[in-house]
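Numbering (our numbering), first residue to last: 76 to 303.
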């Protein structure tokens, strides 16, 4: 009842109508692609969304930079982290701009579109960003080991099974153990049945959750654009 009464407030009603109509038009374009009018409206809405998202990203970047500059001015004890973040904000765009102005660009063409890449920026991604990403992922191993030790300490049978299977999967990735009899077949069987079934279950759950969330937004029950 409270949500129905809120619909009569124009400050809430107009954003709800705009969001619902835009969502219905984009969804209708997927269901009825032969309609030229719906396709034109959907394409225009997606263009507006791209422009708004770009400006929202810019505002977010400016806000983050302002927050960390404030840390530096106030002498916050976390100022070294702010320095690293600001350097990460400044150097990659500067390198990309320099490479673009210097003409150090490459054209990558596929069946859909043509993408212009900047050689210097690609070097930064390859030699800095990618190793850092791999290092962060490697840290997850330590968290996984910690979680496994805690699970074994509780004596939960399901947790013990998960830990044993995970240990077998990790050991199977060691090159020296690839020739162990039956290990490769066992790992392939686990991946093709247990792991794949779990991934499909997660995918189905995520899809159902996305559908429910989308329907609630279209009906105005959830209003993330109103921060509610």
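Glycine included, each C-beta is placed from N, C-alpha and C at the ideal position.
Only a predicted model underlies this, so the values are computations on that prediction, with no experimental measurement involved.
Round the Cβ separation of residue 317 and residue 223 to the nearest angstrom and send it over; I've been treating them as touching at under 8 Å.
Any question about residue 317 goes unanswered here, given that the chain covers just 76 to 303.
How many Å lie between residue 115 and residue 226 at the Cα?
Taking the first residue of the chain shown as 1, we reach residue 115 at position 40. Taking the first residue of the chain shown as 1, we reach residue 226 at position 151. Cα to Cα, residue 115 sits roughly 55 Å from residue 226.
Under the criterion of a Cβ to heavy atom distance below 7 Å, does residue 209 qualify as lining the ligand NAP?
Ligands in the displayed structure: none, and consequently the ligand NAP is not present.
By the DSSP assignment, the alpha helix (DSSP H) with residue 224 in it spans what residues?
Taking the chain shown and counting its residues from 1, one reaches residue 224 at position 149. Start and end: 205-229.
Quick check: what's the CA-CA separation for residue 159 versus residue 173?
Indexing the chain shown from 1 puts residue 159 at position 84. Indexing the chain shown from 1 puts residue 173 at position 98. So the alpha carbons of these two residues sit roughly 21 Å apart.
Do residue 97 and residue 120 come within 8 Å of each other at the CB atom, strictly closer than that value?
For the purposes of this step, residue 120 is identified with residue 45 of the chain shown, where counting begins at 1. For the purposes of this step, residue 97 is identified with residue 22 of the chain shown, where counting begins at 1. Yes, the Cβ-Cβ distance between residue 120 and residue 97 is below 8 Å.
For residue 130 versus residue 171, is the C-beta spacing smaller than 8 Å?
Along the chain shown, one-based indexing puts residue 130 at 55. Along the chain shown, one-based indexing puts residue 171 at 96. Going by C-beta atoms, residue 130 is not nearer than 8 Å to residue 171.
Helix, strand or coil for residue 248? Go by DSSP, reduced to three states.
Locating residue 248 in the chain shown gives position 173, where the first residue counts as 1. Coil, per DSSP.
Beta-carbon separation of residue 117 and residue 127 under 8 Å?
Start at 1 with the first residue of the chain shown, and residue 117 comes out as number 42. Start at 1 with the first residue of the chain shown, and residue 127 comes out as number 52. Contact flag unset, no.
Please say whether residue 284 and residue 95 have beta carbons closer to each other than 8 Å?
Residue numbering aside, residue 95 sits at position 20 when the chain shown is read from its first letter. Residue numbering aside, residue 284 sits at position 209 when the chain shown is read from its first letter. Their beta carbons are not under 8 Å apart, which means residue 95 does not touch residue 284 by this criterion.
Please list, in chain order, all residues of the same chain as residue 163 whose beta carbon is under 8 Å from its beta carbon, the five residues on each side excluded.
Translated into the one-based positions of the chain shown, residue 163 becomes position 88. Hits under 8 Å: none found.
Confirm, please, whether the CB-CB distance from residue 154 to residue 147 is below 8 Å.
For the purposes of this step, residue 147 is taken as the residue at position 72 of the chain shown. For the purposes of this step, residue 154 is taken as the residue at position 79 of the chain shown. Yes. Within cutoff.
With a cut-off of 8 Å on the beta carbons, I'd call residue 99 and residue 293 a contact; round off their distance for me.
Within the chain shown, residue 99 is the residue found at index 24, counting from 1. Within the chain shown, residue 293 is the residue found at index 218, counting from 1. That belief holds up - the Cβ atoms of residue 99 and residue 293 are roughly 6 Å apart, short of 8 Å.
Return helix, strand or coil for residue 272, following the three-state DSSP convention.
Here residue 272 corresponds to residue number 197 of the chain shown, with the count starting at 1. The answer is helix: DSSP assigns residue 272 an H, G or I state.
When burial is assigned at 16 or more other CB atoms within 10 Å of the CB, is residue 267 buried or exposed?
Position 192 of the chain shown holds residue 267. By the neighbour-count rule (16 or more Cβ atoms within 10 Å), residue 267 is not buried but exposed.
If you draw a straight line from the C-alpha of residue 87 to the C-alpha of residue 151, how long is it?
Indexing the chain shown from 1 puts residue 87 at position 12. Indexing the chain shown from 1 puts residue 151 at position 76. Those two C-alpha atoms are separated by around 40 Å.
By the three-class DSSP mapping on this structure, what secondary structure does residue 296 have?
For the purposes of this step, residue 296 is taken as the residue at position 221 of the chain shown. Three-state result, residue 296: coil.
Helix, strand or coil: which one does DSSP assign to residue 198?
Here residue 198 is taken as the residue at index 123 of the chain shown, counted from 1. Of the three classes helix, strand and coil, the one that applies to residue 198 here is helix, per DSSP.
Secondary structure at residue 111, three-state DSSP: helix, strand or coil?
Taking the chain shown and counting its residues from 1, the one referred to as residue 111 is at position 36. Of the three classes helix, strand and coil, the one that applies to residue 111 here is helix, per DSSP.
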